[in-house]
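Colleague: In terms of my numbering, the sequence shown is residues 593 to 936.
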Amino acid sequence: MKSNVTMKIAKNRFWNQWWVAYELPTLAWACVFLLLLAVSCKSDSKDELVVAKVYVPEAPSYTDAHMWYIEQNDRGQGADVFYIPSTWEFDWYTPDCVISHWAAPSLPLHREHMMTEMTEVAQYMADGNNFYSPYYRHITLNTWATLNEDTIRRRYEAVAWKDVKNAFEHYLTHYNQGRPFILAGFSQGGKSVVELLKTLPEKHRAQLIAAYVLGYKVTPDDVQKAPWIKAAQGATDTGVTICYNSVSDVKYLKSVISAPNVMCINPVNWKTDATPATLHDTITVTLSPEHKVLVLKGFDGSYLPNILNILNVGDYHGIEPWVYSENLRQNIQQRIRAHRQPTK
């Protein structure tokens with residue numbers, strides 16, 4: 593018999609869709625394709641690949657509705673949710689053998705991957721809310737696998753961050769109309785939320801209900817540069833940042849996504865101390881105040897795909913938006929109500 597949490601994950605279907613329907617066949621074809629490229633792209637004079645250039649996909653125009661996933665479900669008591677999806681693509685090659693380290697929103701397969709996440713997250717974040725999620729040129733899994741913060745930062749800032757910033761500016765100008773909003777993102781999307789918070793003008797900070805940084809970190813440098821980034825202390829405070837990462841043991845912290853980190857909250861009991869909480873009847877979720885991370889016991893993450901031997905290896909990075917989805921759904925509604933209550 594399946595445990596409650598196994599049934600819950602199966603209900604979300606996300607990782608089955610991601611790995612079986614998309615990445616497994618994509619990875620298989622990629623192996624064949626790259627093998628062919630290794631032959632076709634070889635120099636006649638040297639036994640090495642000719643990869644002299646890097647391909648940067650065309651920047652999306654956010655005036656094009658095709659570059660957005662939008663649901664408008666607010667009936668008067670909700671808010672806006674601006675959601676930034678995570679990392680989907682591996683490094684890939686153009687037909688003329690030029691490598692790319694970024695997703696291409698113009699490619700149907702890349703769009704389909706991102707939309708898989710957008711639609712699944714919208715099932716709980718768009719409940720009674722208007723949901724806006726941009727397709728963007730996110731950096732690839734191979735970039736994260738370098739484990740080199742400088743490489744990650746350089747590639748992210750050169751391309752992905754420009755898209756996120758442009759999309760958010762377009763959202764504020766054309767969609768928001770002064771409404772209260774939530775920022776949310778998973779993994780690379782969580783990184784983007786932190787970057788948006790650091791550059792958020794004061795006039796828009798008053799509109800911010802909360803920011804959800806799922807599966808990423810908020811560093812000491814982040815809060816030093818932007819002291820208005822405040823950690824959530826409970827279930828109903830507003831204008832705050834909700835941040836967490838999940839692992840089986842603190843020894844599996846990954847520096848590129850979860851350390852150093854200055855804030856963490858348990859999304860099951862909404863406490864910032866080590867009080868354990870029970871999730872789906874079988875999982876114990878305990879926050880480590882020292883390491884600012886969630887330690888899960890009783891969860892079997894063996895079904896999660898090992899991503900380039902850096903993610904889902906002792907950590908539970910792949911479950912961050914899904915295993916806590918009902919907790920997040922309820923909490924989003926709680927914080928919206930708290931924000932809407934008149935000041936006494």
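Virtual Cβ for every residue (Gly too), placed ideally from N, Cα, C.
None of the values given here were measured: they were computed from a predicted structure.
#1: Starting from I849, follow the alpha helix (DSSP H) in both directions and report where the run begins and ends.
#2: In the DSSP assignment, the alpha helix (DSSP H) including S917 goes from what residue to what residue?
#3: Out of T876, A695, W914, Y654, which has the shortest C-alpha to C-alpha gap to G777?
#4: Quick check: what's the CA-CA separation for Q799 versus D688?
#5: Between the beta-carbon of P772 and the beta-carbon of S725, is there less than 8 Å?
#6: Beta strand (DSSP E) containing G777: first to last residue?
#7: In the structure shown, what three-state DSSP assignment does V839 receive?
#8: Using CA atoms only, rank isn't needed, just tell me which of E794, I774, I857 is closest to K809.
#9: With a CB to CB cut of under 6 Å and the five nearest residues on each side skipped, what residues in its chain are close to Q926?
#10: If I follow the unbroken alpha helix (DSSP H) through K754, where does it start and stop?
#11: With DSSP collapsed to three states, give me the class of I744.
#12: Below 8 Å, can you find three or more Cβ-Cβ pairs linking the region 751 to 759 to the region 785 to 792?
#13: Once DSSP output is grouped into helix, strand and coil, what is the label at K645?
#14: Report all residues from its chain with a CB closer than 6 Å to the CB of A750; omit the five preceding and five following residues, and keep chain order.
#15: Which same chain residues, not among the five before or five after V624, have their C-beta less than 6 Å away from its C-beta?
#16: For V742 and H730, I'd like the C-alpha separation in whole angstroms.
#17: From the DSSP output, in three-state form, read off L699 for me.
#18: Taking 8 Å as the threshold, find out whether the region 705 to 723 comes into contact with the region 655 to 667 through three or more Cβ pairs.
Modeller: Checking against the coordinates, here is how it stands:
#1: Per DSSP, I849 is one residue of the alpha helix (DSSP H) stretching across 847 to 850.
#2: 917 to 932
#3: W914
#4: 47 Å
#5: A distance of 8 Å or more separates the beta carbons of P772 and S725.
#6: Its beta strand (DSSP E) spans residues 773 to 778.
#7: strand
#8: I857
#9: A827, T828.
#10: 753 to 762
#11: helix
#12: yes
#13: coil
#14: Excluding residues within five positions, none has a Cβ falling inside 6 Å.
#15: Because V624 sits at a pLDDT of 40, beneath the cut-off of 50, its placement in the model cannot be relied upon, and the point is left open.
#16: For clarity, residue 742 is Asp in the given sequence; the question names Val instead. D742 and H730 have their alpha carbons spaced roughly 16 Å apart.
#17: L699 falls in the coil class under three-state DSSP.
#18: yes
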